[in-house]
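J.: This is the structure I want to talk about, given as C-alpha cells.
In the numbering used here, the protein residues as written are 4 to 297.
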C-alpha cells in the first residue's frame, strides 16, 4: 500500500466528518496516521478485516491499554468503511473483534476536597481581583457545578453563559447543543469575572477564557488550572464525575443527569448509579442496626 496515498485518504475522511470537534478530529488523525504507519511497516496488502487483525495483534504485543485498542478499532472501522465505500468494495471476511469494553467506575472527589478547592480559588479571586484567579474560579465552578467537559469549557464564548437565566448553553460532542443549569456559586463567579475583566471588554462570540497573551485556553491549559489548585493529583474529569455522583446521591433522576451531562445514551450515565449505590451501602453498613457489629 502507498503510505502517501493512504494519508491523503485520511484527510479526505476527516473532511467528511464535519461534526467532529477539533480535539476529536486530532485524536482521529493521530490514530489513523498510526494505523497507516503500522500497516506499511507490517507490509499488509490492504485494509481488509484480515489485515486489521494483523495490525491489532501488533498493538496487543505493544501492550496498549484495552481502552486505547477499543478506540483505535472504532476509528479504524469508520475509516475502512469509508475507503471501501469509495471504491465500491464489500469486505466479506470475518469482522474485526478486539474484545469487550473495560468499565471502570468513575472516581468522584470527596466533598471535603471539592469544597476546599473551590473555597480557596473563590477567596483568591475575590481578594486579588486578578483576571487569572477570576477565570480560574469560574472554570472550576463550571466543571463541578455544571459537569462540563474540559473541551466544552475551553470552547465557551461570551453569550453562552446566561447568568440571569441561570444556565449555560453548551456545544458538546457532535456539535449537539444543550442548556445546563448553573449554580448560584457559578453565577457569583461569573459576576466577579465580569467586574474584573470589565463589561466593555466582553464581546459576544469571543472565547471567554484566555491566557496572558490573549490566546484562548486549550483543554491542556484548563488541566493546568485544576493542577494549580489541587494539592493531590486530580483531573477536570473528576470534577465532572463528582457533579454526576453528587446529583444522584442528592436524589436527581437518571434521565435529568443524562441531559445535563450530554450523554447520548442513558446507559453511559447509569455507570454513576453504581457509585451512588456504593455510597448508600456505606451509609447502610454504618447506620443500620443489623449491619452494625456494635
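Where a beta carbon is used, it is the ideal one built from N, C-alpha and C, also for glycine.
1. Going by the CB atoms, is the gap between residue 170 and residue 298 shorter than 8 Å?
2. Give me the Cα-Cα distance between residue 205 and residue 213, rounded to the nearest whole angstrom.
3. If you run the structure through DSSP and keep just helix, strand and coil, what is residue 172?
4. In chain order, which alpha helix (DSSP H) runs of at least 4 residues are fully inside the region 10 to 68?
5. Spell out a yes or no on whether the region 157 to 171 and the region 194 to 209 are touching, meaning 3 or more CB-CB pairs, one atom from each, closer than 8 Å.
6. Counting pairs of beta carbons, one from the region 113 to 129 and one from the region 230 to 237, are three or more of them closer than 8 Å?
7. Given that a residue counts as buried once 16 or more other Cβ atoms are within 10 Å of its Cβ, and exposed if not, what is residue 155?
8. Restricting to Cα atoms, I'd like to know which of 144, 270, 197, 119 is closest to residue 239.
9. For residue 39, which of 97, 277, 13 has the nearest alpha-carbon?
10. Taking the alpha carbon of residue 7 as the point to measure from, which residue in 35, 172, 24 has its own alpha carbon closest?
11. Using the Cα positions of residue 87 and residue 272, report the straight-line distance between them to the nearest angstrom.
12. Tell me, please, which residues DSSP counts as bridged to residue 198.
13. Along the chain, where does the beta strand (DSSP E) containing residue 184 start, and where does it finish?
14. Sort 215, 132, 219 by Cα distance to residue 193 and report the nearest one.
15. Any idea what DSSP makes of residue 235, helix, strand or coil?
16. Considering residue 160, what are the terminal residues of the alpha helix (DSSP H) in which it resides?
17. Buried or exposed, going by whether 16 or more other CB atoms sit within 10 Å of the CB of residue 137?
18. Taking C-alpha atoms, which residue in 236, 37, 102, 275 lies nearest to residue 117?
19. Can you tell me whether DSSP reads residue 210 as helix, strand or coil?
20. Could you name the residues that DSSP lists as bridge partners for residue 164?
21. Sort out for me which residues DSSP pairs residue 222 with in a bridge.
22. By the three-class DSSP mapping on this structure, what secondary structure does residue 244 have?
23. Give the single residue among 42, 52, 110, 30 whose Cα lies nearest to the Cα of residue 78.
24. Helix, strand or coil: which one does DSSP assign to residue 77?
25. Tell me the rounded alpha-carbon separation between residue 173 and residue 76.
26. Does the Cβ of residue 93 have 16 or more other Cβ atoms within 10 Å, making it buried, or fewer, making it exposed?
27. Work out the CA separation of residue 19 and residue 82 for me, nearest whole Å.
28. Under 6 Å Cβ to Cβ from residue 135, same chain only, skipping five residues before and after it: list those, please.
T.: The relevant details are as follows:
1. In the structure as shown, the chain starts at 4 and stops at 297, and residue 298 therefore has no counterpart that could be examined.
2. 12 Å
3. strand
4. 25 to 45, 52 to 64
5. yes
6. yes
7. buried
8. 144
9. 13
10. 35
11. 34 Å
12. Answer is none; residue 198 lacks a bridge partner.
13. 180 to 184
14. 132
15. coil
16. Taken as a continuous stretch (DSSP letters only), residue 160 belongs to no alpha helix (DSSP H), as it is neither H nor E.
17. buried
18. 236
19. strand
20. 171
21. In the DSSP output, where bridge partners are listed per residue, residue 222 has none listed.
22. helix
23. 30
24. helix
25. 29 Å
26. exposed
27. 11 Å
28. none
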